Amino acid sequence: MLAVFTGRFYDIWRHVAESIPFEQLMASVSAVLATTGELAKLRELWDAVVRAPQLNSRSTAYMAMLLLEFDNSDPAQVLEMAGQINIDCEYAGIMGFENAKTKCLSVSQIRPKYHNALSQMTGRGLVYVRRDYHGNPELAIRARRSAVRALFGVKENEPDAFPWLDTPAVDEQLYMVKYREHLPPPRTPGQQ
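Count along the sequence shown from 1, add 123, and you get the number used in the numbering used here.
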């Protein structure tokens, strides 16, 4: 294995060591801005990232999808954002962003699928933006229940008031972003 990476091991390790935390940070910040109504700040962040071509295109695509889904941009801005999405528009639909999918498809261009795009756009499966029962954006963060309870000082036998997602919703989100090498992106159970 080391023979394959000879001379490149440090570069590869550095790329992985830097890119995964960066992806998680970008997904988290984007999700928080979208769900707290800070869409102007999200657009400002998106503008800055678009001007920096060395940054991950999936981060840019995810921000654009969030803006297309939750922001009421004018048609020129919609076309600009949709044109910057360089991955398949179906990813927006898989995440439940039907508005974003429709707007993304309004710009006709070939967009590839990537086996780990959903994983990257959700911070490796740690951060999800979804709609609540009223259609409002809602943030879900994957965390171990015991760790959250300990962090907030909830004793073992005490009930907590945290808004935990029900098990089928969690299972669907985890299935959606499952990392599968060399296979097309997974479909949700409802799509099978």
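Don't be surprised by glycine CBs; every beta carbon is placed ideally from N, CA and C.
For clarity, every value in this text was computed on a predicted model and none was experimentally measured.
Item                                                                                       : Value
Three-state secondary structure assigned by DSSP to R247                                   : coil
P260 beta carbon less than 8 Å from that of A157                                           : yes
Among A171, E146, D194, nearest to G160 - alpha-carbon criterion                           : D194
Residue interval of the alpha helix (DSSP H) (run including E221)                          : 221-228
Beta-bridge pairing of I233 - partner residues as DSSP gives them                          : In the DSSP output, where bridge partners are listed per residue, I233 has none listed.
Top-ranked residue by Cα proximity to V201, from Y185, A223, N280                          : A223
Proximity below 8 Å, CB of T245 to CB of Y237                                              : no
Distance CB(S242)-CB(L189) smaller than 8 Å                                                : no
Short Cβ contact (8 Å threshold) for T183 with Q207                                        : yes
Start-to-end residues for the beta strand (DSSP E) that takes in P260                      : 260-264
Spatial distance of P312 from E221 (CA atoms)                                              : Confidence in P312 is poor, its pLDDT being 48 and thus under 50, which makes the residue's placement unreliable; the coordinate value appears in the next sentence. Taking the straight line joining both Cα atoms gives about 17 Å.
Rounded C-alpha distance that separates S229 from A266                                     : 36 Å
Residue span of the alpha helix (DSSP H) that contains V172, given as start and end        : 162-173
Rounded C-alpha distance that separates D170 from A240                                     : 21 Å
Own chain residues within Cβ distance below 6 Å of M149, not counting five before or after : S182
Beta-bridge pairing of R253 - partner residues as DSSP gives them                          : E261
Cα-Cα separation, A205 to L165                                                             : 15 Å
Opening and closing residue of the alpha helix (DSSP H) in which A199 lies                 : 198-207
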